[in-house]
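Scroll down for the structure; my scribbles are underneath it.
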Amino acid sequence: MTPTRKHTALPKAQILIEALPWLTRHNGRTVVIKFGGNAMVDEELKAAFAQDVVFLHHAGLKPVVVHGGGPQISAALDQHGIVSEFRAGLRVTTEDAMDVVRMVLAGRVQRELVNLLNQHGPLAVGLTGEDAHTITATKHQPRIDGELVDIGRVGEITDIDTGAIEALLADGRIPVVSSIARSQDDSGAGHVYNVNADTAAAALAAALGAETLMVLTDVEGLYEDWPHSDEVISRLTASQLEKLLPDLSSGMVPKMEGCLHAVRNGVHTARVIDGRVPHSILLEIFTDEGIGTMVVPDEHEGES
């Protein structure tokens, strides 16, 4: 090899060496990734996301992907002549709407993601929370102006069974989970619930004892004083996050509540990262800089 070729290849070696401590730390650990936002609809970002997840798998981690599909659901409801209505930040989900939600999440979004991952080998297996009782929910009724409001087939998670996911991970597969839950109330009738994907990802991360929960968003992270500043908080503890929750925008609340639930239930770190940045997952896990906002349990406050 000529000296010139050695020189040009050196940065690649340095990048790999920088990743080494993180590869060692995360080897064999489960990482739950909530796939959402712009990364779900931009073709290049989708392809980069699939590459990142497969890279994690081959690097010795155990990725689990959880997804929703808000924009795709809204478009499909429009096609079926069903009006999209939101109350307390949640989609009102009638029986007819639930049929469409189920079709879109399990039949379209999940299939596309599984196929993207499987371009790299026989890795991904799709399931919903209905499968093997993975996610069980009961009817969620938000309180608006002091009154409980019926918003249809929207669920509140009551139980997680990780058996099917753990069996897939043990078999070297990548589970891809749609955020639909079986009903605890009327499961005999085959009813299901639409559950928030951020909440589902956090509940699964806690139940699996994951090393990390990663939530892809369309912002750089949690802003310190939005809209007055675009300074991103790079790291905060569970208690610090809890104090900020009442002042967060409605879109960030389920994401940050999910992060809080995760780190208070055994997950070592929870991260909100900018899914608009190609390969944001690899940048967050395997580089010194990291991107986005990381939440840690209170007892980790003194760590570097």
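So the working numbering is basically just the index in the sequence shown, starting at one, shifted up by 64.
Built from N, CA and C at the ideal position, the CB exists for glycine as well.
Practice task
Would you kindly report the start and end of the unbroken beta strand (DSSP E) that includes residue 337?
Solution key: Counting along the chain, the beta strand (DSSP E) containing residue 337 begins and ends at 333-338.
Problem - Sufficient close CB pairs (3 or more, under 8 Å) joining the stretch 336-347 to the stretch 270-289 - result: Taking one beta carbon from each stretch, the stretch 336-347 and the stretch 270-289 have 3 or more pairs nearer than 8 Å; the two touch.
Practice task
Would you tell me roughly how many angstroms separate the C-alpha atoms of residue 76 and residue 350, rounded to the nearest one?
Solution key: Whole-angstrom Cα-Cα distance: 14 Å.
Handout entry: Own chain partners of residue 124 with C-beta closer than 8 Å, once the 5 adjacent residues on each side are dropped
Key = The answer, listed in chain order, is 87, 90, 91, 92.
Exercise for the section: For residue 218, count neighbouring C-beta atoms within 10 Å of its own C-beta (all shown protein chains included) and say buried if the count is 16 or more, exposed if not. Expected result: Residue 218 should be labelled buried.
Problem - Paired residues, beta bridge with residue 131 - DSSP - result: The beta-bridge partner set that DSSP reports for residue 131 consists of 99, 242.
Exercise for the section: Check each candidate in 223, 168, 300 and name the one with the smallest Cα separation from residue 272. Expected result: Per the C-alpha coordinates, the member of 223, 168, 300 positioned closest to residue 272 is 223.
Problem - Cβ pair count under 8 Å reaching 3, the stretch 140-148 against the stretch 200-220 - result: The stretch 140-148, when compared against the stretch 200-220, does not touch it at the 8 Å Cβ threshold.
Problem - Closest by C-alpha distance to residue 362, when choosing among 328, 128, 274 - result: Residue 328 is the option with its Cα nearest to residue 362.
Problem - Run of the alpha helix (DSSP H) containing residue 108, from where it starts to where it stops - result: Unbroken alpha helix (DSSP H) run through residue 108: 107-122.
Exercise for the section: State whether the stretch 130-143 contacts the stretch 165-184, with contact taken as three or more CB pairs (one from each stretch) at a distance under 8 Å. Expected result: Yes, since at least three Cβ pairs between the stretch 130-143 and the stretch 165-184 fall closer than 8 Å, the two stretches touch.
Exercise for the section: Taking residue 319 as the reference, give the member of 159, 72, 237, 131 with the closest Cα. Expected result: Selected option, being the one with the closest Cα: 131.
Practice task
Using three-state DSSP, classify residue 367 as helix, strand or coil.
Solution key: Reliability of the predicted coordinates at residue 367 is poor, the pLDDT of 44 falling under 50, and the value obtained from them is presented with this limitation in mind. In the displayed model, residue 367 falls within coil according to three-state DSSP, outside both helix and strand.
Exercise for the section: Leaving out five residues on either side along the sequence, give the residues of the same chain with a beta carbon under 8 Å from the beta carbon of residue 117. Expected result: Only 97, 127, 129, 181, 238, 345 meet the Cβ criterion.
Handout entry: Assumed close pair residue 199, residue 261 - CB separation to whole angstroms, cut-off 8 Å
Key = The pair is not a contact, with the Cβ atoms about 11 Å apart (cut-off 8 Å).
Exercise for the section: Could you name the residues of the same chain whose beta carbon sits closer than 7 Å to that of residue 365, not counting the 5 residues immediately before and after it, in chain order? Expected result: Bear in mind that the predicted position of residue 365 carries a pLDDT of just 49, short of 50, making it too unreliable to give a figure here.
Exercise for the section: Assign residue 113 to one of two classes, buried (16 or more other C-beta atoms within 10 Å of its C-beta) or exposed (fewer than that). Expected result: The residue in question, residue 113, is buried, as its Cβ has 16 or more Cβ neighbours within 10 Å.
Practice task
On a CA-only basis, which of 155, 120, 94, 177 is nearest residue 111? Give me that one, please.
Solution key: With distances taken between Cα atoms, residue 111 lies closest to 177.
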